[in-house]
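Since the structure comes first, as structure tokens, the remarks are kept for the end.
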Amino acid sequence: MSEIADKVKKIVVEHLGVEESKVTPEASFIDDLGADSLDTVELVMAFEEAFNVEIPEDAAEKIATVKDAIDYIEAQKAA
Amino acid sequence: MLQSAGSDLGRRRVVVTGMGMVTPLGLGTEHVWKRLIAGESGIDRIHSFDPSELAAHVAGEVPEGPTAEGKLTVSDWIPVKDQKKMDRFIHLGMIAAAEAVEDSGWKPESEEDRCATGVMIGSGIGGLQTIYEASITVYEGRAKRLSPFFIPSALTNLVSGNVSIRYGFKGPNHSAVTACATGVHAIGDAARLIMFGDADVMVAGGAEATVCKLGIAGFCSARALSTSFNETPQKASRPWDRDRDGFVMGEGAGIVVLEEYEHAKARGARIYGEIVGYGMSGDAHHITAPAEGHEGAYRAMNSALRSAGVTPAEVGYVNAHGTSTMADDLELVAVERLFGEDAGKLAMSSTKSAIGHLLGAAGAVEAMFSLLAIRDNVVPPTLNLDNPSRESAIDRVAHHAQQRNVNVALSNSFGFGGTNASIVVRGV
């Protein structure tokens, strides 16, 4: 697993208070990890802070799963 | 079942079937009551921040430690991931509510019962520390980093909101905000909702957590806090004593479960007592100082006794507002005026001497102490009352608890803005 994926996972575990094993790439923040809409806002902020990236509102709305988050951040970092 | 307001209006009786409290004397109603009666104090030097640049260094903070020892471990009550969504006053309120609901044994399963169960938990100030921290974030140019939970963490009515969500109580969801009178207003208003038929059960009370730098600094600026006993914290709260020099802030929460009498009887609930009277008034005088002769307090007490249909002679105990400020003697004068010749038979104490002033939670905790005084026929002491600044026929229960036959008790709370509330409770 990439360093980014590892860090994303850690942030999700910490913010949503879920077991690490549940944070699979396919896991949906809302459907599988018990987040509500405010949790996802906070999560995106935490990603922005941790990776020093800007995630605009329309992009944030498309981040529904752990993989979505990893992909987005990896793309930003590669750019 | 909810009865419609109509012919029953004004006749529905309201009793207390559950109690929960978090105070500087610890967690749990019986634990706190035992320590209070033993004359212990929960006042100490402030631990949660360094108070040395402020004039006041003492407060009543909820002791941290193992739950089994009656101390506070928030994560035993609220999952870590949810804690950051709530200011400390909500934590304390949720914990007191958990005890009260459990104590009452009321677990509504049907939709009908859930809709007949409401919540009315207030706070004098709300999430002050949360607002303070969020302000710093914005000030530092990081407004976009503000937590999405900032607003729901700070809102005063969010103890009510969170309690209703946790237990599925779908009745009236309300909150009182009247500074230091909040706790009494919440219980009194909630009782009236039951009397009026809006609910059969109400979880009611107050929560406060303003022992933070901004809170202490603010009351220091208003010259309201004790500053002469920084080296002897347990001596700082001394209602009616000639050396008193301001109140001592406390934090905590007090929550009761109120229930319509027949509803409680039908399910065999244990009944602590009845809310028989409630009175309110406004001073229309000054934002922080009481009116001459505390005439607003007099009217609130008088109105509470009238609504209870009891005479002063029947009242055995008054839990005074008694904050350890100059206003103590004004309240004393108002009580003397109300009780007249019966003053000599009365016991009146200020439990703020032991736990400090819990602001919006004070009235709720003190109403519970009044109910426990009736249950146990014991009145709690006024600590540090060494030399009363004013002599009185009223026994102010200096230093030690007393055995007393108490069947009716009155509890007072007065707040900034000239708001006064009194509640009368009776054994059932």
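Those protein sequence lines, which keep their order, are chains R and C.
If you read the first sequence in our numbering, its first letter stands for residue 1, the second for the next number, and so on.
If you read the second sequence in our numbering, its first letter stands for residue 1001, the second for the next number, and so on.
Note that beta-carbon positions come from the ideal geometry of N, C-alpha and C, so glycine has one too.
Note that the coordinates shown come from a computational prediction; the quantities given were computed from them, not determined experimentally.
Residues near V12(R) in its chain [Cβ-Cβ closer than 6 Å; skip 5 each side]: For the purposes of this step, residue 12(R) is identified with residue 12 of the first sequence, where counting begins at 1. Cβ neighbours of V12(R) beyond the five flanking positions: V23.
Out of T1382(C), S1324(C) and M1301(C), which has the shortest C-alpha to C-alpha gap to F1339(C)? Indexing the second sequence from 1 puts residue 1339(C) at position 339. Checking every option, the nearest Cα to that of F1339(C) belongs to M1301(C).
Quick check on DSSP: helix, strand or coil for N1319(C)? The count along the second sequence starts at 1 and reaches residue 1319(C) at position 319. N1319(C): strand per DSSP, three-state reduction.
For G1126(C), which of D1103(C), E1112(C), A1154(C) and R1142(C) has the nearest alpha-carbon? The sequence position of residue 1126(C) within the second sequence is 126, counting from 1. Closest by alpha carbon: A1154(C).
Selection of the region 1153 to 1166 of chain C by Cβ proximity to chain R, strictly under 8 Å: none
Using a Cβ-Cβ cutoff of 9 Å, what residues of the region 1382 to 1409 of chain C are near chain R? List them in chain order. none
For a contact defined as C-beta to C-beta under 8 Å, what are the partners of V23(R) on chain C? Counting from one through the first sequence, the residue named residue 23(R) turns up at place 23. By Cβ distance, chain C contributes nothing, its closest Cβ being about 13 Å from V23(R), past 8 Å.
Rounded to the nearest angstrom, how far is the Cβ of E1331(C) from that of A1297(C), given a contact under 8 Å? Residue 1331(C) sits at position 331 when you count from the first residue of the second sequence. Residue 1297(C) sits at position 297 when you count from the first residue of the second sequence. At roughly 6 Å, the Cβ-Cβ gap stays under 8 Å, so E1331(C) and A1297(C) are in contact.
Can you check DSSP and say which residues form a bridge with E1274(C)? The residue given as residue 1274(C) occupies position 274 in the second sequence. According to DSSP, which records beta bridges pairwise, E1274(C) is partnered with V1015(C) and R1426(C).
Rounded to a whole number of angstroms, what is the C-alpha to C-alpha distance between G1356(C) and A1409(C)? Here residue 1356(C) is taken as the residue at index 356 of the second sequence, counted from 1. Here residue 1409(C) is taken as the residue at index 409 of the second sequence, counted from 1. Approximately 21 Å, taken between the alpha carbons.
Find the nearest neighbour of V41(R) within the set P25(R), I63(R) and E26(R), judged by alpha-carbon distance. Working through the first sequence from its first residue, we reach residue 41(R) at position 41. Here the closest residue by C-alpha is I63(R).
Of the residues that make up the region 1057 to 1080 of chain C, which ones have a beta carbon closer than 7 Å to any beta carbon in chain R? P1079 and V1080
Could you check which residue in A1143(C), N1173(C), A1347(C) and A1186(C) has the C-alpha nearest to that of V1365(C)? Taking the second sequence and counting its residues from 1, the one referred to as residue 1365(C) is at position 365. Comparing Cα-Cα distances from V1365(C) to each of A1143(C), N1173(C), A1347(C) and A1186(C), the minimum goes to A1186(C).
Please compile the residues from chain R whose C-beta is within a distance smaller than 8 Å of the C-beta of S1147(C). One-based indexing of the second sequence puts residue 1147(C) at position 147. The contacting residues are E42 and M45.
Applying a beta-carbon distance threshold of less than 8 Å, which residues of chain C neighbour L33(R)? The count along the first sequence starts at 1 and reaches residue 33(R) at position 33. The premise fails here: L33(R) is roughly 11 Å from chain C at the closest Cβ pair, so nothing lies under 8 Å.
Against E20(R), what residues of chain C qualify as contacts under a CB-to-CB distance less than 7 Å, listed in chain order? By one-based count along the first sequence, residue 20(R) stands at place 20. Near E20(R) there are no residues of chain C at all, since even the closest Cβ is about 14 Å away, more than 7 Å.
Is E57(R) close to chain C, meaning its C-beta is less than 8 Å from at least one C-beta of that chain? The count along the first sequence starts at 1 and reaches residue 57(R) at position 57. E57(R) does not count as touching chain C.
Of all the CB atoms in chain C, is at least one closer than 8 Å to the CB of D71(R)? In the first sequence, counting from the first residue as 1, residue 71(R) sits at position 71. No, its Cβ sits nowhere closer than 8 Å to a Cβ of chain C.
Quick check on the DSSP output: the alpha helix (DSSP H) that includes N1162(C) runs from which residue to which? Residue mapping note: residue 1162(C) aligns to position 162 of the second sequence, counting from 1. N1162(C) -> alpha helix (DSSP H) spans L1158 to Y1167.
By the DSSP assignment, the alpha helix (DSSP H) with F1416(C) in it spans what residues? Counting from one through the second sequence, the residue named residue 1416(C) turns up at place 416. Counting along the chain, F1416(C) falls outside any alpha helix (DSSP H), and DSSP gives it neither H nor E.
Inspect the CB distances between the region 1267 to 1284 of chain C and the region 1410 to 1420 of chain C and report whether three or more fall short of 8 Å. yes
Whose C-beta lies closer than 6 Å to the C-beta of L991(C) among residues of the same chain, with five residues either side of it excluded? This structure gives no information on residue 991(C), because the portion of chain C shown stretches from 1001 to 1428.
Do Y1272(C) and A1304(C) come within 8 Å of each other at the CB atom, strictly closer than that value? If you number the second sequence from 1, residue 1304(C) lands on position 304. If you number the second sequence from 1, residue 1272(C) lands on position 272. Cβ distance not < 8 Å, so A1304(C) and Y1272(C) don't count as in contact.
Run the CB neighbour count on Y1139(C), radius 10 Å, all protein chains shown included, and call it buried at 16 or more, exposed below. Residue numbering aside, residue 1139(C) sits at position 139 when the second sequence is read from its first letter. Y1139(C) should be labelled exposed.
Extent of the continuous alpha helix (DSSP H) to which M1301(C) belongs: Here the question's residue 1301(C) lines up with position 301 in the second sequence. Unbroken alpha helix (DSSP H) run through M1301(C): E1295 to A1308.
In chain order, what residues of the same chain have a beta carbon less than 7 Å from the beta carbon of N1173(C), not counting five sequence neighbours either side? Stepping through the second sequence from its first residue, residue 1173(C) is reached at position 173. G1118, V1119, S1160, G1161 and S1164.
Nonlocal neighbours in the same chain, by C-beta distance under 6 Å from Q1402(C), ignoring five residues either side: As a working mapping, residue 1402(C) is identified with position 402 in the second sequence. If we look at Q1402(C) and ignore the five residues flanking it on each side, its Cβ neighbours are V1379.
Which whole-angstrom value is the C-beta distance of G1360(C) and S1048(C), which I expect to be below 8 Å? Here residue 1360(C) corresponds to residue number 360 of the second sequence, with the count starting at 1. Here residue 1048(C) corresponds to residue number 48 of the second sequence, with the count starting at 1. In fact, because the Cβ distance is near 18 Å, the residues do not count as touching under 8 Å.
Which residues of chain C have a Cβ atom closer than 8 Å to the Cβ of E49(R), listed in chain order? Mapped onto the first sequence, residue 49(R) falls at position 49. Correct list: R1145.
Classify E1099(C): buried if its beta carbon has 16 or more other beta carbons within 10 angstroms, exposed otherwise. As a position in the second sequence, residue 1099(C) is number 99, starting the count at 1. Buried, by the Cβ-count rule.
Whether or not the region 1077 to 1097 of chain C and the region 3 to 22 of chain R are in contact is what I'm after, with contact meaning three or more pairs of Cβ atoms, one per stretch, closer than 8 Å; do they touch? yes
Counting pairs of beta carbons, one from the region 1059 to 1075 of chain C and one from the region 1250 to 1260 of chain C, are three or more of them closer than 8 Å? yes
Could you pull out every unbroken alpha helix (DSSP H) segment of at least 4 residues lying fully inside the region 1162 to 1221 of chain C, listed in chain order? 1182 to 1196 and 1213 to 1221
Taking 8 Å as the threshold (C-beta atoms), are C1212(C) and L1128(C) in contact? For this step, residue 1128(C) is matched to residue 128 along the second sequence. For this step, residue 1212(C) is matched to residue 212 along the second sequence. Yes; because the gap between Cβ atoms is below 8 Å, this pair is in contact.
With a Cβ-Cβ cutoff of 8 Å, do G1042(C) and L1025(C) count as a contact? Counting from 1 along the second sequence, the entry for residue 1042(C) is found at position 42. Counting from 1 along the second sequence, the entry for residue 1025(C) is found at position 25. A contact, by the Cβ cut-off of 8 Å.
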